[in-house]
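A.B. asks: Just so we're on the same page, the working numbering is the position in the sequence shown counted from 1, plus 1.
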Amino acid sequence: MSASFDTWRDRFERLRANKLFETAVIAIIILSALLIGAKTYEETSRFEQWLLVLDVAVTVFFLVEILIRMAAEKRLRDFFRQGWNVFDFLIVTASLIPLDDSEMVLLARLLRIFRVLRLVSMIPELRMLMAALVKSIPRMGYVALLMFIIFYIYAAIGSFLFADVDDFLWRNIATAMLTLFRIATFEDWTDVMYATQEVYAWSWLYYLTFIFLTAFIFLNMMIGIVLDVMQKESVQMEIESGEGEAAELHGLRDDVRELREQLSRMEGLLERRS
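#1: Please name the residue in Ile150, Ile151 and Thr180 whose C-alpha comes closest to that of Ala164.
#2: State the Cα-Cα distance for the pair Leu97 and Ala58, rounded to the nearest angstrom.
#3: Go to Ile158, then tell me how far its alpha helix (DSSP H) extends in each direction, as first and last residue.
#4: Using the Cα positions of Asp79 and Val65, report the straight-line distance between them to the nearest angstrom.
#5: Between which two residues does the alpha helix (DSSP H) containing Lys20 stretch?
#6: Indicate whether the contact test is met: 3 or more Cβ pairs, each with one atom in the region 45 to 57 and one in the region 81 to 88, closer than 8 Å.
#7: Using the Cα positions of Ser235 and Thr176, report the straight-line distance between them to the nearest angstrom.
#8: Expressed to the nearest angstrom, what Euclidean distance is found between the alpha-carbon atoms of Gln263 and Gln237?
#9: Whole angstroms are fine: how far does the CA of Lys233 sit from the CA of Gly225?
#10: Where does Arg70 fall in DSSP's three states?
#11: Between the beta-carbon of Leu127 and the beta-carbon of Leu134, is there less than 8 Å?
#12: Kindly list the residues whose CB is nearer than 7 Å to the CB of Ala196, restricted to its own chain and excluding five residues on each side of it in sequence; keep chain order.
#13: Using CA atoms only, rank isn't needed, just tell me which of Phe213, Met194, Ile67 and Glu43 is closest to Ser204.
#14: In terms of residues, what are the limits of the alpha helix (DSSP H) holding Gln198?
#15: Does the contact criterion of 3 or more C-beta pairs under 8 Å hold for the region 135 to 146 versus the region 32 to 45?
#16: I need the straight-line Cα distance from Arg113 to Phe63, nearest angstrom please.
#17: Does Tyr155 pass the burial test, meaning 16 or more other C-beta atoms within 10 Å, or should it be called exposed?
#18: Return the chain-ordered list of same chain residues with a C-beta closer than 7 Å to the C-beta of Val26, the five sequence neighbours on each side being excluded.
#19: Run through DSSP, which three-state label would Met2 get?
#20: Thinking Phe22 and Ala73 are a contact (beta carbons under 8 Å), I'd like their distance in whole angstroms, please.
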């Protein structure tokens, strides 16, 4: 019985690692996304029955695919030790909510939208980008806090100086911060500047220094943080896959460490004999 189970597990493991199978899963995910988009057009209402059949077929395929991946593990708990596997399991489980129930149809459709996110778990490069983004958030939080301080200072100055020019844009500090966000995104910011320049000719200095800080310095700091984390994630991925320069350097370090340990043991033996 155990030999038969191991045989089936090996088959499932080979199927899971098969590139054609992975390509098929990615294709079905894309098809699922297209089905969701097609349902937003009124012209496809006459094909609603066919779309429902295709949705059921996609759901069944995802269910079979996740069961194959679970069966390929030596122990079931090993499957749930990986975060992306848990994510896929939750998405597939949520997709089992039927569409024919009028009370749950909106929830079911909303949950099916998240099946598109399974592309992230299927493609290693996307997983690396997502992991880098998540790991960058704590470090980016400090930059965001510094940006908030700059926004607050400039908003206070703007509300004190320009409230008499345009009460709608500079009425209070909250409104001034919204105006500064508009300026930081370059949304008709010159109109705001020209309006205040008619009263305060030097006000261009206020806007240019604010844009220089927010659009150039802080934005580049954000990009630098993400790139730094992405580089570390790329190195980690190469080490795990055993390919690339990072994997070779990691292997050389392990070899050097083993040689040092062997030399230390040999020196210890020689000292004992002497």
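Note that CB positions come from ideal geometry on N, CA and C, so glycine has one too.
C.D. replies: Reading from the atomic positions:
#1: Thr180
#2: 11 Å
#3: Pro125 to Phe163
#4: 18 Å
#5: Lys20 to Ala39
#6: no
#7: 42 Å
#8: 27 Å
#9: 12 Å
#10: helix
#11: no
#12: Val166 and Asp167
#13: Met194
#14: Trp190 to Gln198
#15: no
#16: 12 Å
#17: buried
#18: Glu66 and Met123
#19: Its pLDDT being 49, under 50, Met2 is placed unreliably in this model, and the coordinates cannot settle the point.
#20: The Cβ separation is near 11 Å, so there is no contact.
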